[in-house]
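Have a look at the structure below, then the notes.
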Amino acid sequence: MTIFNFYLFDRHGTCLYYAEWNRKKQLTMSKEEEFKLMYGMIFSIKSFASRLSPTDMKEGFLNFTTSKYKLHFFETPSGLKFIMNTDLSVGNMKDVLHQIFSSLYVEYVVKNPLCELDQPVTSELFKTKLDEYIRGLPQFPIKATS
Amino acid sequence: MTIFSVYIINKAGSLIYDYDSPSVNRPAVEKTFSYPLELVLKVFDEKVVVSFGERDGIKVGHAILGINGVAAKGRILEDGRDIMETLATEANYPINIKFGKPHLTTNEKIMLASMLHSLFAFGSQLSPEPNSSGIHTLETDTFKLHCHQTMTGVKFVLLTDPKQAHVDAILKKLYEVYSDYALKNPFYSLDMPVRAELFDANLQQVIEQADKLGISNI
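Protein sequence lines, in the order shown, are assigned to chains A and B. For the first sequence, this note's numbering assigns the number 197 to the initial residue and increments by one for each residue that follows. For the second sequence, this note's numbering assigns the number 2 to the initial residue and increments by one for each residue that follows.
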C-alpha cells in the first residue's frame with residue numbers, strides 16, 4: 197500500500213494545497229495546469245455521477261480506480277474538495293480525508309488568523325502536521341517488493 | 002435487480018447501445034399543494050426542477066412529472082399548458098403535483114457517454130503512476146460504474162449496485178454477446194448504433210441470469 201499525492205481545492209477551483217509522497221510519474225505540464233485539469237475532471241465526474249444515478253444520492257462520487265491507482269474524493273458542504281491518490285489495495289479513505297479536514301485544515305488553517313481562506317495554504321505548521329499524519333497512516337508504507 | 006444499465010461506447014466516444022433495467026424503482030412522489038407553493042422551482046435543461054425546499058420525499062433535483070394526473074412533457078404539460086404559468090396562477094389551486102427523478106433522454110445519454118469517454122482519458126493522464134489505463138470503476142453511494150475497454154477501443158459500461166460482485170465476468174460475457182450478435186450481423190456497420198433483435202435478446206438474458214443465479218453459471 198502506498199499514498200501517492202494529495203490535493204485540496206476550494207469551492208472556486210483554486211488549489212489550496214498540494215503534496216506528494218511516492219509519486220513516480222510527473223506530468224509534462226506545469227503544476228498549475230495539472231491542478232486545473234484535476235479540478236475540471238472532478239467537477240465533471242460529480243455532475244456526471246449525479247445525472248447517471250438511478251436514485252437520489254446522498255454523498256455522491258466517492259472514488260474511482262484505474263489499472264494503477266485509486267482516487268479518493270471527499271467534499272465538505274462548504275465546497276472544500278479533498279482528493280487523495282493511493283494504490284489499488286487501499287480501501288475506504290473517507291475517514292482519513294475527513295480527519296484531514298476536521299483536525300488539520302480546521303485546526304491549523306481556519307483557526308489561524310494569518311491564513312487567507314481562499315488563498316493557497318502557506319502555513320508551515322499545516323504542512324508539517326499533514327506530512328506527519330500521512331506518514332503515520334497504516335496505508336502509507338510501501339510494500340517491501342516495490 | 003442489481004444491474005441498472007448497460008452502455009456501449011465506440012472508440013470515438015459515441016453511444017452505440019444503451020439498455021436500462023426496467024425494474025429500477027425511480028423515486029416518484031405525488032402531493033397536493035395549496036397556494037402559495039412552498040417549493041422553489043426553476044427551469045433547467047427544458048425541465049421544471051426543484052431548486053430549494055426538500056420535504057416529504059421531494060428532493061432537490063427532482064423534476065415535475067405531472068400535474069393533476071396530466072403528464073409533463075419538458076416544461077409544458079401534455080395538454081399544452083406551460084407548467085410555470087400554471088403554478089403561478091392562484092385559481093389552479095389546490096393542485097396535485099407529481100415529482101420524481103427524471104429519466105435520461107437519449108440525447109442526454111449520448112452526451113454522458115462522450116463525457117465518460119473524456120473522463121476516461123483524463124483519468125489515465127492524471128495518474129501518479131506510469132502506464133495507467135483509464136477509469137475502471139467509479140463508485141458513488143448509490144451505484145458503481147464499471148468500464149471495460151476492449152483492445153479495439155470499444156467501451157462496455159455497466160451501472161450496478163455498489164455491492165454487486167463479479168462484474169468483470171458479466172462485462173466479458175457482454176463483449177462475447179456483442180461479438181457474436183452485433184459484429185457477425187451482416188447488416189451492422191461498424192461504430193454505428195446497434196439495432197439487432199438477437200443482440201437485444203441475448204444481452205437481456207445475460208443480465209437476467211447474472212441477477213438471478215449469480216455469476217457462476219454464465
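We put the CB at the ideal spot given by N, CA and C, even for glycine.
Neighbourhood of residue i by C-beta, 7 Å cutoff - its chain only, sequence neighbours within 5 removed
i, result
"Met280 (chain A)", "Ile199, Phe202, His268, Met289 and Leu293"
"Cys311 (chain A)", "Val305, Val317 and Ser319"
"Leu175 (chain B)", "Val7, Phe157, Leu204 and Val207"
Where residue i meets chain B, residues with beta-carbon distance less than 9 Å
i, result
"Leu321 (chain A)", "What Leu321 (chain A) touches in chain B: nothing, since even the nearest Cβ is about 26 Å away."
Close beta carbons around residue i, own chain, < 8 Å, minus the five adjacent residues each side
i, result
"Leu38 (chain B)", "Leu88"
8 Å Cβ cutoff, residue i in contact with chain B
i, result
"Lys277 (chain A)", "no"
"Gly209 (chain A)", "no"
"Asp206 (chain A)", "no"
"Ser285 (chain A)", "no"
"Ser342 (chain A)", "Caution is warranted here: a pLDDT of 45 is assigned to Ser342 (chain A), below 50, making its placement in the model unreliable, and the coordinate value is therefore given only provisionally. Judged by the 8 Å Cβ criterion, Ser342 (chain A) is not in contact with chain B."
"Phe336 (chain A)", "no"
"Ser249 (chain A)", "yes"
"Phe202 (chain A)", "no"
Per-residue contacts from residue i into chain A (C-beta, under 8 Å)
i, result
"Phe53 (chain B)", "The premise fails here: Phe53 (chain B) is roughly 15 Å from chain A at the closest Cβ pair, so nothing lies under 8 Å."
"Pro28 (chain B)", "Thr251 and Asp252"
"Gly75 (chain B)", "Residues of chain A passing the Cβ test: none, with the nearest at roughly 16 Å."
Where residue i meets chain A, residues with beta-carbon distance less than 7 Å
i, result
"Met116 (chain B)", "Ser240 and Phe244"
"Ile136 (chain B)", "Phe260 and Thr262"
"Gly124 (chain B)", "Phe260 and Thr262"
Partners in chain B for residue i, counting only beta-carbon separations shorter than 7 Å
i, result
"Pro309 (chain A)", "By Cβ distance, chain B contributes nothing, its closest Cβ being about 34 Å from Pro309 (chain A), past 7 Å."
"Met289 (chain A)", "The premise fails here: Met289 (chain A) is roughly 12 Å from chain B at the closest Cβ pair, so nothing lies under 7 Å."
Cβ of residue i within 8 Å of any chain A Cβ
i, result
"Gly154 (chain B)", "no"
"Pro37 (chain B)", "no"
"Phe282 (chain B)", "The requested residue 282 (chain B) does not occur in the structure, where chain B is confined to residues 2 to 219."
"Lys48 (chain B)", "no"
"Gly14 (chain B)", "no"
"Phe5 (chain B)", "yes"
"Lys102 (chain B)", "yes"
Sub-8 Å separation of residue i and residue j beta-carbons
i, j, result
"Ile208 (chain B)", "Ile4 (chain B)", "yes"
"Phe260 (chain A)", "Thr138 (chain B)", "yes"
"Pro103 (chain B)", "Asp252 (chain A)", "no"
"Tyr265 (chain A)", "Asp291 (chain A)", "no"
"Ser133 (chain B)", "Thr262 (chain A)", "yes"
Residue i: contacting residues in chain A (beta-carbon distance under 9 Å)
i, result
"Pro131 (chain B)", "Lys220, Lys221 and Lys264"
"Lys60 (chain B)", "Asp252"
Proximal chain B residues relative to residue i, where beta-carbon distance stays under 8 Å
i, result
"Gly256 (chain A)", "Thr141 and Asp142"
Cβ-based neighbour list, residue i, same chain, cut-off 6 Å, excluding 5 preceding and 5 following
i, result
"Gly70 (chain B)", "none"
"Ile219 (chain B)", "Annotation note: pLDDT 46 at Ile219 (chain B) (below 50); position unreliable, coordinate value reported separately. Excluding positions up to five away in sequence, the list reads Lys174 and Gln210."
Counting only Cβ-Cβ distances shorter than 8 Å, please list the residues of the region 223 to 242 of chain A near chain B, keeping chain order. Leu223, Glu230, Leu233, Met234, Gly236, Met237, Ser240 and Ile241
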